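The block underneath contains the structure these notes are about, expressed in C-alpha cells.
2 protein chains.
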Amino acid sequence: MRILVIGAAGMLGGKLVERLMRDGRLGGEPISELTLVDRVAAEPPGDPGFAVERTVADLAEPGVAAGIAAGRPDVIFHLAAVVSGEAEENLEKGYRVNLDATRMLLDAIRAGGQGYRPRVVYSSSIAVFGPPFPEVIGDDHGVTPATSYGTQKAMIELLLSDHARRGFVDGIAIRLPTICVRPGRPNLAASGFFSSIIREPLNGQDAVLPVSADVRHWFASPRSAIGFLLHAATIDPARLGDRRCLTMPGVSATVADEIEALRRVAGDEAVRRVHHQPDATIMRIVAGWPRSFDARRARALGFSAEADFDEIVRVYVEDELGG
Amino acid sequence: MRILVIGAAGMLGGKLVERLMRDGRLGGEPISELTLVDRVAAEPPGDPGFAVERTVADLAEPGVAAGIAAGRPDVIFHLAAVVSGEAEENLEKGYRVNLDATRMLLDAIRAGGQGYRPRVVYSSSIAVFGPPFPEVIGDDHGVTPATSYGTQKAMIELLLSDHARRGFVDGIAIRLPTICVRPGRPNLAASGFFSSIIREPLNGQDAVLPVSADVRHWFASPRSAIGFLLHAATIDPARLGDRRCLTMPGVSATVADEIEALRRVAGDEAVRRVHHQPDATIMRIVAGWPRSFDARRARALGFSAEADFDEIVRVYVEDELGG
C-alpha cells in the first residue's frame, strides 16, 4: 500500500507519520511506500523497513499536484492548510492554499484516469459552522462559516463530495474539533489559547487567556485526531454513501472546564499561570465558533474521542510529558 | 443608478431587462444606465430613455470581469450559468462557468477597491440541496448537492457570503425554485419537462413526461422569479446580516398536481397531449431534488410566490399567451 501525506511537517502530520511508521500497515495491509509532502522538510523518525520519500513542495505550485497523482498513492492524507487567523489576515493566500491547491490535487487525480481512484482523507474543520447556532449542532445542520478559513474548508467539502459522487476519488472529509492539547509551540490559529492555557502551566510557564471563562467549544486530543484519520482511511466506503463529510466526535467544554481539569491534574499553582488578557480580535473570531455537536453519524461509523476534558489533559500528559 | 445584468440573453435575464426598462427605476431610484452582458447578444426591446449597453462576452474569459467592475455598476444581477444537465455532462465547463467565472467577478469587484461595494444578486438554486431530505426543508438545513451544478452553486454561495462578510460586496444569493412554466423552447436543464408538460399542451403540441406522476418538486413562475430578483436588489442589507443565502418561497406540487391544473385550465384534450416516456437519466437526477421547503426567512423578508400550481398556470397564460 502506497500512502502519501500532504502537510506531513505539521503537528498532526508528524504524529500521523510516526504512527504509520510504527504500525507498518494500514487497515491490515502492509505499507510499501510512504511519501511525505510539505513546504518545509518533514522529519520522519528512524527506519520503518519500507521506502520513505520526502518531497519539499507547495501543492499550490504548478505541477506539484500532477506529480503526486503520477505516483498513484492508494491513500492520500491531505492535512495542509493556512490556519484560521492567517486566512483571515491574508485573503488571497488563504484561498490559494486552502481552496485552489486542494482543487489542483482533485483535478490531478481526475486527470490521472485509468481507474485511478485513491482514498483521499481531507482534514476539514468545525469552522465550517457559523452562528446563529442551535445549542447542539446535528449532522444535518447547515454550513454557514463565519471565517474565510471555514469558507474554504466548506468549499472543498463540496468539491470533494462531487468528485466522490462522480467516481473520480474515494474521498472523505472529516471535520476535526479544535485539537487540544496541541504540543510544542503556538501556531497562528486563533484557537491556540485553548491549548496554551493547559500546556504552558503544565510546563511551568505562564499562559494568556484572551477570552472569558464561559466560552464553550468542541475539542479532541491529537491522539483522537490520528485515530479519526486512520479510521477515515480504512472505513468501508459503502458505509458512507454520497455523504462524504462527517463531523467528528469530541468534548464540549468551557474554558472554565479546562481550567478545572488543569487544577485537578496540576493544582492551584498551575492555574495561577493563566492570565486573563482580553483580545477583541480573538474574542470576535471565537464568538463565531460552534460550542457543541451531536456527532451521531460519525460515532455510528466507529469514530470516537475522549469522554471529558480531564481525559484530554491526561492524554497530553501521557503522550507529551511521558506520563 | 447603474445596473448590470450578466446572463441578460437568458429567459430570466430577458424578462428582468424588459421589466427594468419598463419601470425605468429600481427601489425608487431612476436607472441611468443598463448594461447587458451575455455570450450571445441580448436584445432589449425599445428605447427606455436611458443608456443601454450590450456587451457580448464570456465572464470566464480573462479581463471580462475586470471590465465589468471598472464600470462600477451599483447593482449586478448575475444570472449566467451552465444548467444542470450540461454541468453533469461536461464537468470542466460547469466548473469553469458556474464557479470560476463568478469567482473572477468577485475578485474583480474586490480589486476595484476605493469603497466600491455593489449589490450583487446571485441566482442560486434549490439544487444545492440533496438527499436524504426531510419532508419539508427548513432554512437551517445542510447543503449537500447531488449534482455538479448544485455543487457549483453552493460553492459560490459560500464565496459570496465570505466576500459580503468581509465587506467587499453587498451580496445576496437567492435559491430559485424550479421556474415553471418556462416560455419558449426547452433548454438543456433536466427540469425542462416540468414546464413542457404544461406549455406544449397549451400550445396544441405533444409533450414528453420522463418521470412518474408522483414526483414532487418546488416551483415558482418566471413572474415570481423577477419579483425575487428585484426585491433582492433593493432589500435593506441590515435585514440580512451575515446570512446572505436565502431559499425562495414557492409551490410544492407533484406532476399529478401539474396535470390536474392543466386539466382545469385546458381540459382533457390538453392532458392527452402528455405522453409518459420514462427516462432513467432524468429520473435519477430528479430523484436527487428536493420536494418542499419552509422558506420562512425569505417570506419574513418580503419575498413571495404563487399560492398553488393553478396560479402558476394562470400566470403563464396571462404573461405568455395574452390571457
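From first to last, the protein sequence lines stand for chains A and B.
My numbering puts the first residue of the first sequence at 10, with every later residue one more than the last.
My numbering puts the first residue of the second sequence at 10, with every later residue one more than the last.
All residues carry an ideal CB built from backbone N, CA and C; glycine is no exception.
Nothing here was measured: the structure is a model prediction, and the numbers come from that model.
Smallest Cα separation from B:Val190: which of B:Asp47, B:Ala79 and B:Ala270?
By 1-based counting over the second sequence, the position of residue 190 of chain B is 181. Of the candidates B:Asp47, B:Ala79 and B:Ala270, the one whose C-alpha sits nearest the C-alpha of B:Val190 is B:Ala270.
Is B:Ala279 buried or exposed, if buried means 16 or more other CB atoms sit within 10 Å of its CB?
Working through the second sequence from its first residue, we reach residue 279 of chain B at position 270. Classification of B:Ala279: buried, given that the 10 Å Cβ count is 16 or more.
At 8 Å on the CB atoms, spell out the chain B contacts of A:Asp179, in chain order.
Residue mapping note: residue 179 of chain A aligns to position 170 of the first sequence, counting from 1. The premise fails here: A:Asp179 is roughly 17 Å from chain B at the closest Cβ pair, so nothing lies under 8 Å.
Please check the pair A:Pro82 and A:Ile12, which I expect to be a contact at CB under 8 Å, by giving their CB distance rounded to whole angstroms.
On the first sequence, position 73 is the one that residue 82 of chain A refers to. On the first sequence, position 3 is the one that residue 12 of chain A refers to. Yes, A:Pro82 and A:Ile12 are in contact; Cβ-Cβ is about 6 Å, under 8 Å.
Mind reading off the beta-carbon distance from B:Pro258 to B:Ala304? Whole number of angstroms is fine, and I expect it under 8 Å.
As a first step, residue 258 of chain B must be located in the second sequence, where it is residue number 249. As a first step, residue 304 of chain B must be located in the second sequence, where it is residue number 295. At roughly 4 Å, the Cβ-Cβ gap stays under 8 Å, so B:Pro258 and B:Ala304 are in contact.
If I follow the unbroken alpha helix (DSSP H) through B:Tyr158, where does it start and stop?
For the purposes of this step, residue 158 of chain B is taken as residue 149 along the second sequence, with counting starting at 1. Run containing B:Tyr158: Ser157 to Arg174, per the alpha helix (DSSP H) assignment.
Consider the Cβ of A:Thr256: report whether some Cβ of chain B lies at a distance smaller than 7 Å.
For the purposes of this step, residue 256 of chain A is taken as residue 247 along the first sequence, with counting starting at 1. Taking Cβ atoms only, chain B never reaches closer than 7 Å to A:Thr256, which makes this a no.
So is A:Thr160 in contact with chain B if we call contact Cβ pairs under 7 Å?
As a first step, residue 160 of chain A is located in the first sequence; it is residue number 151 there, counting from the start. At least one chain B Cβ lies under 7 Å of A:Thr160.
Please state whether DSSP places A:Arg63 in a helix, a strand or coil.
Counting from one through the first sequence, the residue named residue 63 of chain A turns up at place 54. Looking at A:Arg63 - three-state DSSP - the assignment turns out to be strand.
Skipping 5 residues on each side, what residues in its chain have a beta carbon closer than 6 Å to that of B:Ile62?
Taking the first residue of the second sequence as position 1, residue 62 of chain B is located at position 53. It is Glu, not Ile, that sits at residue 62 of chain B in the sequence shown. Excluding residues within five positions, the ones whose Cβ falls inside 6 Å are Thr44.
Rounded to a whole number of angstroms, what is the C-alpha to C-alpha distance between B:Gly151 and B:Val137?
On the second sequence, residue 151 of chain B is found 142 positions in, with the first residue counted as 1. On the second sequence, residue 137 of chain B is found 128 positions in, with the first residue counted as 1. Distance between the alpha carbons of B:Gly151 and B:Val137: 9 Å.
Look at the alpha carbon of B:Ile235 and the alpha carbon of B:Met292, and state the distance between them as a whole number of angstroms.
Against the second sequence, residue 235 of chain B aligns to sequence position 226. Against the second sequence, residue 292 of chain B aligns to sequence position 283. The alpha-carbon atoms of B:Ile235 and B:Met292 are separated by roughly 29 Å.
Between the region 84–97 of chain B and chain A, which residues of the former have CB atoms less than 8 Å from a CB of the latter, in chain order?
Cβ contacts with chain A come from no residue of the region 84–97 of chain B.
Name the chain E residues whose beta carbon is nearer than 7 Å to that of B:Ser230?
No chain E is part of this structure, whose protein chains are labelled A and B.
So with CB distances below 8 Å, who are the chain B contacts of A:Leu168?
Taking the first residue of the first sequence as 1, we reach residue 168 of chain A at position 159. Within chain B, the residues near A:Leu168 are Thr160 and Met164.
Just to confirm my understanding: we take B:Arg28, look at its own chain, exclude 5 residues before and 5 after, and list those with CB closer than 8 Å. What are they?
The residue labelled residue 28 of chain B in the question sits at position 19 within the second sequence. These residues qualify, in order along the chain: Ile235 and Leu239.
Would you give the residue range spanned by the alpha helix (DSSP H) that B:Gly180 belongs to?
For the purposes of this step, residue 180 of chain B is taken as residue 171 along the second sequence, with counting starting at 1. Element bounds for B:Gly180: not the alpha helix (DSSP H) but the beta strand (DSSP E), Asp179 to Leu185.
Check the Cβ-Cβ distances between B:His172 and every residue of chain A, and say whether any is below 7 Å.
Stepping through the second sequence from its first residue, residue 172 of chain B is reached at position 163. Not an interface residue.
For the beta strand (DSSP E) containing B:Val84, list its first residue and its last residue.
In the second sequence, counting from the first residue as 1, residue 84 of chain B sits at position 75. From DSSP, the beta strand (DSSP E) with B:Val84 extends over Val84 to His87.
When the Cα atoms are used, what is the spatial distance from A:Ala229 to A:Thr187?
As a working mapping, residue 229 of chain A is identified with position 220 in the first sequence. As a working mapping, residue 187 of chain A is identified with position 178 in the first sequence. Their Cα atoms are separated by approximately 6 Å.
Starting from the Cα of B:Ala89, find the closest Cα among B:Ser132, B:Tyr104 and B:Glu320 and give me that residue.
For the purposes of this step, residue 89 of chain B is identified with residue 80 of the second sequence, where counting begins at 1. B:Ala89 has its Cα closest to that of B:Ser132, out of B:Ser132, B:Tyr104 and B:Glu320.
Which residues in the same chain have their Cβ closer than 7 Å to the Cβ of B:Ala329, if we skip the five residues on either side of it in sequence?
The residue you call residue 329 of chain B lines up with position 320 of the second sequence. The displayed chain sequence assigns Glu, not Ala, to residue 329 of chain B. If we look at B:Glu329 and ignore the five residues flanking it on each side, its Cβ neighbours are Pro192.
Mind pulling the beta strand (DSSP E) runs of 3 or more residues that sit fully within the region 261–306 of chain A?
DSSP runs (the beta strand (DSSP E)) wholly in the region 261–306 of chain A: 283–285.
Rounded to whole angstroms, what's the CA-CA distance from B:Arg252 to A:Thr153? Just pull it up for me.
Within the second sequence, numbered from 1, the residue matching residue 252 of chain B stands at position 243. Within the first sequence, numbered from 1, the residue matching residue 153 of chain A stands at position 144. B:Arg252 and A:Thr153: Cα-Cα distance of roughly 8 Å.
Considering only residues of the same chain and omitting the five flanking positions on each side of A:Glu209, which have a CB-CB separation below 7 Å?
Here residue 209 of chain A is taken as the residue at index 200 of the first sequence, counted from 1. Around A:Glu209: Asp215, Ala216 and Arg282.
Report the residues of the region 234–252 of chain A with a CB closer than 8 Å to any CB of chain B, ordered along the chain.
Result list: Asp251 and Arg252.
Do you know offhand how far B:Ala17's Cα is from A:Ala120's?
Numbered from its first residue, the second sequence carries residue 17 of chain B at position 8. Numbered from its first residue, the first sequence carries residue 120 of chain A at position 111. Approximately 34 Å between the Cα atoms of the pair.
Would you mind reading off the limits of the alpha helix (DSSP H) that contains B:Thr153?
Your numbering for residue 153 of chain B matches position 144 in the second sequence. Taken as a continuous stretch (DSSP letters only), B:Thr153 belongs to no alpha helix (DSSP H), as it is neither H nor E.
B:Gly176 versus chain A: which residues are under 7 Å apart at the beta carbon?
Along the second sequence, read from residue 1 onward, the residue named residue 176 of chain B stands at position 167. Neighbours of B:Gly176 on chain A: none; closest Cβ ~11 Å, over 7 Å.
Could you tell me whether the Cβ of A:Gly23 comes closer than 7 Å to any Cβ of chain B?
The count along the first sequence starts at 1 and reaches residue 23 of chain A at position 14. Chain B contact via Cβ: absent.
Kindly identify the DSSP beta-bridge partner or partners of A:Leu13.
By 1-based counting over the first sequence, the position of residue 13 of chain A is 4. Per DSSP, A:Thr44 and A:Ile85.
Output the distance between the C-alpha atoms of B:Asp319 and B:Ser261, rounded to the nearest integer angstrom.
Counted from its first residue, the second sequence places residue 319 of chain B at position 310. Counted from its first residue, the second sequence places residue 261 of chain B at position 252. One C-alpha to the other measures close to 12 Å.
Quick one: give me the first and last residue of the beta strand (DSSP E) that B:Leu255 is part of.
The residue given as residue 255 of chain B occupies position 246 in the second sequence. It spans Cys254 to Thr256 - the beta strand (DSSP E) in which B:Leu255 sits, taken as one unbroken run.
For A:Arg194, which of helix, strand or coil comes out of DSSP?
Looking up residue 194 of chain A in the first sequence gives position 185. Residue state, collapsed to three classes: coil.
In angstroms with no decimal places, state the Cα-to-Cα distance between A:Arg31 and B:Val224.
Mapped onto the first sequence, residue 31 of chain A falls at position 22. Mapped onto the second sequence, residue 224 of chain B falls at position 215. Going from the Cα of A:Arg31 to the Cα of B:Val224 covers about 54 Å.
With A:Leu115 as the anchor, note down where its alpha helix (DSSP H) starts and where it stops.
Reading the first sequence from its first residue, position 106 is the one you call residue 115 of chain A. Start and end: Ala110 to Gly121.
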